[in-house]
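Peer 1: Numbering (the numbering used here), first residue to last: 287 to 676.
1) Check each candidate in 508, 563, 603 and name the one with the smallest Cα separation from residue 557.
2) DSSP three-state label for residue 393, please.
3) Buried or exposed: which applies to residue 593, given that a residue is buried once 16 or more other Cβ atoms fall within 10 Å of its Cβ?
4) In chain order, what residues of the same chain have a beta carbon less than 8 Å from the beta carbon of residue 663, not counting five sequence neighbours either side?
5) Which residues bound the beta strand (DSSP E) around residue 604?
6) Whole angstroms are fine: how far does the CA of residue 563 sit from the CA of residue 614?
7) Shortest alpha-carbon distance to residue 365 belongs to which of 419, 301, 401?
8) The beta strand (DSSP E) with residue 353 in it runs from where to where?
9) Would you call the CB atoms of residue 523 and residue 580 closer than 7 Å?
10) Buried or exposed: which applies to residue 448, given that a residue is buried once 16 or more other Cβ atoms fall within 10 Å of its Cβ?
11) What does the Cβ neighbour count give for residue 416, buried or exposed, with the cut at 16 atoms within 10 Å?
12) Which residue from 666, 665, 311, 603 puts its Cα closest to that of residue 651?
13) I need the boundaries of the beta strand (DSSP E) containing residue 510, first residue and last residue.
14) DSSP three-state label for residue 293, please.
15) Please identify the residue among 585, 510, 444 whose C-alpha is closest to the C-alpha of residue 548.
16) Based on DSSP bridge pairs, tell me the residues matched to residue 617.
17) Let me confirm a value: residue 643 is counted as buried when at least 16 other C-beta atoms fall within 10 Å, else exposed. Which label applies?
18) Near residue 313, which residues of its chain fall below 6 Å by C-beta distance, leaving aside the five closest residues on each side in sequence?
19) Quick one: measure Cβ to Cβ for residue 379 and residue 409, integer angstroms, because I've assumed they're closer than 8 Å.
20) Which whole-angstrom value is the C-beta distance of residue 567 and residue 544, which I expect to be below 8 Å?
21) Could you name the residues that DSSP lists as bridge partners for residue 307?
22) Terminal residues of the continuous alpha helix (DSSP H) containing residue 450?
23) Going by beta carbon distance, what residues of the same chain come within less than 6 Å of residue 336, once the five residues before and after it are set aside?
24) Tell me whether residue 439 sits in a helix, a strand or coil according to DSSP, three-state version.
25) When the distance is taken between beta carbons, is residue 555 closer than 7 Å to residue 535?
26) Who are the near neighbours of residue 640 in its chain, counting only those whose CB is closer than 6 Å to its CB and skipping five residues on each side?
27) Between which residues of its own chain and residue 461 is the CB-CB distance below 6 Å, once the five residues before and five after are set aside?
28) Strictly by DSSP, which residues pair up with residue 540?
29) If we ignore side chains and look at the alpha-carbon of each, how far apart do residue 477 and residue 439 end up?
30) Is it buried or exposed for residue 340, if we count other Cβ within 10 angstroms and need 16 for buried?
31) Where do the N-terminal and C-terminal ends of the alpha helix (DSSP H) with residue 643 fall, by residue?
32) Exposed or buried, which one is residue 611 when buried takes at least 16 other CB atoms within 10 Å?
33) Which residues does DSSP pair with residue 325 in a beta bridge?
34) If you reduce the DSSP assignment to three classes, tell me which class residue 671 lands in.
35) Comparing alpha-carbon positions, which option in 541, 605, 631 lies nearest residue 278?
36) So what's residue 399 in DSSP terms, helix, strand or just coil?
Structure, rendered in structure tokens:
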């Protein structure tokens with residue numbers, strides 16, 4: 287059997303949960319004696335501590351490293367820019383050298399697992415299927431055309447429409463399409479007219495070890511950790527919190543396009559911190575009982591915050607701020623992992639914090655979180671779900 291290639295923008299030692307997730311799946315394949323390699327960029331976010339092999343530069347375009355005995359080829363890349371224009375050029379650079387590598391190495395691999403961020407990975411998927419004639423397993427984590435349209439991130443409707451058609455065509459031309467929620471599968475079936483047969487629902491998981499420490503349920507303190515961008519719309523939650531004089535403290539950790547705007551809201555109860563390592567984060571929030579998942583209300587199934595699973599691995603009760611029809615709200619409600627708030631409803635907001643004042647409710651929710659960590663989002667189970675697609 288020829289080798290299997292995983293293609294992702296990020297991978298360890300990049301300290302970003304989506305990249306860590308891909309690394310863990312690849313390592314899981316390696317344990318099953320699959321010859322697997324990874325193609326990714328050099329770190330674009332934050333490099334992990336020296337527990338991982340050093341990246342060795344091969345030439346001006348590529349480097350190599352290893353993660354848990356899995357060989358990684360890196361496209362030499364600059365750190366991620368938070369400016370949309372620069373980011374598009376970064377994606378173009380990454381794709382050019384990725385496609386060049388794939389073409390030159392086309393006889394080395396039997397099939398490729400492609401992970402959808404950046405959204406232009408659909409071009410890579412088509413290239414691998416149509417030009418290289420290799421089996422493609424395409425894991426789609428978000429629908430960028432819909433997100434860009436809903437949030438008005440890109441003011442060229444014709445280009446968005448063309449990109450959406452390209453995106454749909456790419457999804458149709460995969461051997462296995464993987465989505466992270468049943469709601470997204472249903473959307474693609476109904477709205478994008480994809481065949482229901484080749485869409486596989488495989489949820490995400492936390493690539494990190496499940497914590498044995500339980501939070502202090504009597505603390506009236508919560509935190510948010512992750513991207514501070516427009517799709518997250520954390521500013522709206524903060525405004526609603528201030529308008530209703532909620533007597534809770536909020537610690538924020540992260541970076542993104544909205545960082546400076548959120549900085550204006552700092553006060554005695556709201557603290558904004560830059561991105562820190564996960565180990566530092568765990569230390570800082572170990573006692574905090576509640577973690578905030580924030581998603582703009584215009585997004586429903588088009589995106590699912592990966593931090594949801596990271597929070598659960600830390601045994602945190604989820605306070606979701608999202609549309610009630612969103613995939614993340616449906617997931618939280620289905621498994622009783624916390625509360626979903628609709629910010630346009632003052633009653634929904636006040637009821638949520640009244641619920642969080644109940645010690646009995648908090649204890650039951652922590653019990654639910656333990657069960658979900660052990661069963662539905664168990665790392666071994668989900669890696670096996672990917673493995674079965676071989």
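Just so it is clear, CB atoms sit at the ideal spot from N, CA and C, and this is done for glycine as well. The model shown is predicted, which means the values in this text are computed figures rather than measured ones.
Peer 2: Once the coordinates are examined:
1) Counting from 1 along the chain shown, the entry for residue 557 is found at position 271. Ranking the options by Cα distance to residue 557, first place goes to 508.
2) Locating residue 393 in the chain shown gives position 107, counting from the first residue. In this structure, residue 393 counts as coil in the three-state DSSP scheme.
3) For the purposes of this step, residue 593 is identified with residue 307 of the chain shown, where counting begins at 1. That one is buried.
4) Locating residue 663 in the chain shown gives position 377, counting from the first residue. The answer, listed in chain order, is 489, 490, 491, 492, 595, 598.
5) As a first step, residue 604 must be located in the chain shown, where it is residue number 318. Run containing residue 604: 603-607, per the beta strand (DSSP E) assignment.
6) In the chain shown, counting from the first residue as 1, residue 614 sits at position 328. In the chain shown, counting from the first residue as 1, residue 563 sits at position 277. Straight-line Cα distance between these residues: approximately 25 Å.
7) The count along the chain shown starts at 1 and reaches residue 365 at position 79. Comparing Cα-Cα distances from residue 365 to each of 419, 301, 401, the minimum goes to 301.
8) To locate residue 353, count along the chain shown from 1; it is residue 67. Bounds of the beta strand (DSSP E) holding residue 353 are 348-353.
9) Along the chain shown, read from residue 1 onward, the residue named residue 523 stands at position 237. Along the chain shown, read from residue 1 onward, the residue named residue 580 stands at position 294. If you check the CB distance, residue 523 and residue 580 come in under 7 Å.
10) Within the chain shown, the letter at position 162 stands for residue 448. It counts as exposed.
11) Translated into positions along the chain shown, residue 416 becomes position 130. Result: exposed.
12) To locate residue 651, count along the chain shown from 1; it is residue 365. Answer by Cα proximity: 603.
13) Taking the chain shown and counting its residues from 1, one reaches residue 510 at position 224. Here the beta strand (DSSP E) through residue 510 covers 507-513.
14) Position 7 of the chain shown, counting from 1, holds the residue named residue 293. The answer is strand: DSSP assigns residue 293 an E or B state.
15) For this step, residue 548 is matched to residue 262 along the chain shown. That would be 510, whose Cα lies nearest to the Cα of residue 548.
16) If you number the chain shown from 1, residue 617 lands on position 331. Answer is none; residue 617 lacks a bridge partner.
17) Working through the chain shown from its first residue, we reach residue 643 at position 357. So residue 643 ends up on the exposed side.
18) The sequence position of residue 313 within the chain shown is 27, counting from 1. Closer than 6 Å at Cβ, skipping near neighbours: 354, 356.
19) The count along the chain shown starts at 1 and reaches residue 379 at position 93. The count along the chain shown starts at 1 and reaches residue 409 at position 123. Incorrect: roughly 14 Å between the Cβ atoms, too far for contact.
20) Counting from one through the chain shown, the residue named residue 567 turns up at place 281. Counting from one through the chain shown, the residue named residue 544 turns up at place 258. At roughly 19 Å, the Cβ-Cβ gap does not stay under 8 Å, so residue 567 and residue 544 are not in contact.
21) Start at 1 with the first residue of the chain shown, and residue 307 comes out as number 21. Answer is none; residue 307 lacks a bridge partner.
22) Your numbering for residue 450 matches position 164 in the chain shown. Boundaries of the alpha helix (DSSP H) around residue 450: 443-458.
23) Taking the first residue of the chain shown as position 1, residue 336 is located at position 50. In this prediction, residue 336 has a pLDDT of 49, which is less than 50 and means its spatial position is unreliable; what the coordinates show is noted afterwards. Excluding sequence neighbours, residue 336 sits near nothing in its chain.
24) To locate residue 439, count along the chain shown from 1; it is residue 153. Residue 439: coil per DSSP, three-state reduction.
25) Numbered from its first residue, the chain shown carries residue 535 at position 249. Numbered from its first residue, the chain shown carries residue 555 at position 269. Going by C-beta atoms, residue 535 is nearer than 7 Å to residue 555.
26) The sequence position of residue 640 within the chain shown is 354, counting from 1. Once the five neighbours on either side are set aside, residue 640 has no close Cβ partner at all.
27) Indexing the chain shown from 1 puts residue 461 at position 175. So the list reads 421, 422, once near-sequence residues are dropped.
28) Mapped onto the chain shown, residue 540 falls at position 254. Looking at the DSSP assignment, residue 540 forms a beta bridge with 512.
29) For the purposes of this step, residue 477 is identified with residue 191 of the chain shown, where counting begins at 1. For the purposes of this step, residue 439 is identified with residue 153 of the chain shown, where counting begins at 1. Between residue 477 and residue 439, the C-alpha separation is close to 21 Å.
30) As a working mapping, residue 340 is identified with position 54 in the chain shown. Label assigned to residue 340: exposed.
31) Numbered from its first residue, the chain shown carries residue 643 at position 357. It is not in any alpha helix (DSSP H) - residue 643 carries neither H nor E in the DSSP assignment.
32) Stepping through the chain shown from its first residue, residue 611 is reached at position 325. Exposed: under 16 other Cβ atoms inside 10 Å.
33) Stepping through the chain shown from its first residue, residue 325 is reached at position 39. In the DSSP output, where bridge partners are listed per residue, residue 325 has 293, 359.
34) As a position in the chain shown, residue 671 is number 385, starting the count at 1. Here residue 671 sits in helix by DSSP.
35) Only positions 287 to 676 of the chain appear in this structure, which leaves residue 278 out of reach.
36) As a working mapping, residue 399 is identified with position 113 in the chain shown. Looking at residue 399 - three-state DSSP - the assignment turns out to be strand.
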